Amino acid sequence: QVQFVESGGGLVQPGGSLTLSCATDGFSIKTYVMSWHRQVPGKARELIAQILRTGTSIYADSVKGRFTISRNDAKDTISLHMTSLKPEDTAMYYCNTYPTWLSPPTWGQGTLVAVSS
């Protein structure tokens, strides 16, 4: 059974930094593009970062230059290092493959990031 377990969220002041971690189980990430998504209540889930098997990363304009995605294929984990955080970054953050896991559709519980003074 495929699982995604996100951790590392918390309350941080504007301009601060935070690193999220994602542990996976049930598959080997080395054969997949991996991704981070976020969701604010009442809005659709937003894809914010992808990392290819080669290590090349792709970012949404909203986080480009501030967030860095990384992967550790040996440990089947990915991370998201976030800097210069803004109140509009407040959301629940989720990791997944890309495209997202569909057989069956699978998401973790997410980790909450709150940016506020």
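Residue numbering for the sequence shown follows my numbering, starting at 14 and increasing by one per position.
Positions of the beta carbon are idealized from the N, C-alpha and C atoms, including for glycine.
Note that this is a predicted model, so its numbers are computed, not measured.
Rounded to a whole number of angstroms, what is the C-alpha to C-alpha distance between residue i and residue j?
i, j, result
"serine 130", "isoleucine 91", "28 Å"
"tryptophan 49", "glutamate 101", "16 Å"
"glutamate 59", "valine 53", "9 Å"
"valine 76", "threonine 119", "24 Å"
"glycine 123", "threonine 113", "14 Å"
"alanine 62", "arginine 84", "12 Å"
Give the range of the beta strand (DSSP E) segment to which residue i is assigned.
i, result
"glycine 23", "23-25"
"serine 34", "31-38"
"proline 59", "Per the sequence shown, residue 59 should be read as glutamate rather than proline. Where glutamate 59 is concerned, the enclosing beta strand (DSSP E) stretches over 59-64."
"alanine 73", "First-last for alanine 73: undefined, no H or E at that position."
"valine 15", "No beta strand (DSSP E) contains valine 15, which DSSP labels as neither H nor E."
"valine 126", "124-128"
"threonine 103", "No beta strand (DSSP E) holds threonine 103; DSSP gives it neither H nor E."
Determine the DSSP secondary structure at residue i, reduced to helix, strand or coil.
i, result
"proline 117", "coil"
"threonine 44", "helix"
Could you round the C-beta distance between residue i and residue j to whole angstroms and report it? I think they count as a contact, below 8 Å.
i, j, result
"valine 25", "alanine 36", "Going by Cβ atoms, the distance from valine 25 to alanine 36 rounds to 21 Å, so no, they are not a contact pair."
"glycine 28", "leucine 98", "7 Å"
Taking its Cβ as the centre, do 16 or more other Cβ atoms sit within 10 Å of residue i, making it buried, or is it exposed?
i, result
"alanine 104", "buried"
"arginine 51", "buried"
"leucine 115", "exposed"
"threonine 44", "exposed"
"threonine 32", "exposed"
How about residue i: is its C-beta nearer than 8 Å to some C-beta of chain C?
i, result
"arginine 66", "Reference to chain C is not applicable here, since this structure consists of a single protein chain."
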